[in-house]
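Residue numbers (the working numbering): 59 to 213.
A virtual CB, placed ideally from N, CA and C, is assigned to each residue, including glycine.
Notes for the one structure printed next.
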């Protein structure tokens, strides 16, 4: 099957079967398109299902190296690798042989703090949406306590 059909099937699978967000679908399809374009240049032939089935670890490394040379960071490279793995699993079916490749290390960033104005606005919105005034006052007080103490949802 020629590459445009493969990518369109991938788009359909992500959006309808997997119900991914439009942003995820756009990003994963763009990665598949970049992979196909790279492989056509790398192998010098049209990308088909059999070609994808015989990809080696070196092919994926070469693709990621080319992407890194374009300036993408670790998080983007990890997402690209995840998209490529998903694409290859989708094309190959249950028996897909996806080359093992370790992704780049990524650091988890710190959560973005909420500004005082945002915290007050959130508490105000919650209080105004309450069924009764005492419930609104209670919810406002709890949110202000959580914000003032610096607590996160998981705590």
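For the alpha helix (DSSP H) that residue 200 lies in, which residues bound it at each end? Per DSSP, the unbroken alpha helix (DSSP H) holding residue 200 starts and ends at 191 to 207.
Decide yes or no for the touch test of the stretch 109 to 126 against the stretch 140 to 149: beta carbon pairs closer than 8 Å, at least 3 of them. Enough Cβ pairs lie closer than 8 Å, so yes.
Please report the residue range of the alpha helix (DSSP H) in which residue 147 lies. That run of the alpha helix (DSSP H) goes 132 to 150.
Proximity to residue 116 [Cα-Cα], best of 105, 104, 97 and 150: Comparing Cα positions, the closest option is 97.
What would DSSP say about residue 62, mapped onto helix, strand or coil? Helix at residue 62.
Suppose you measure from the CA of residue 161 to the CA of residue 124; what does that come to, to the nearest Å? Computed Cα separation, rounded: 15 Å.
Residue 97, enclosing alpha helix (DSSP H) - first and last residue: It spans 80 to 101 - the alpha helix (DSSP H) in which residue 97 sits, taken as one unbroken run.
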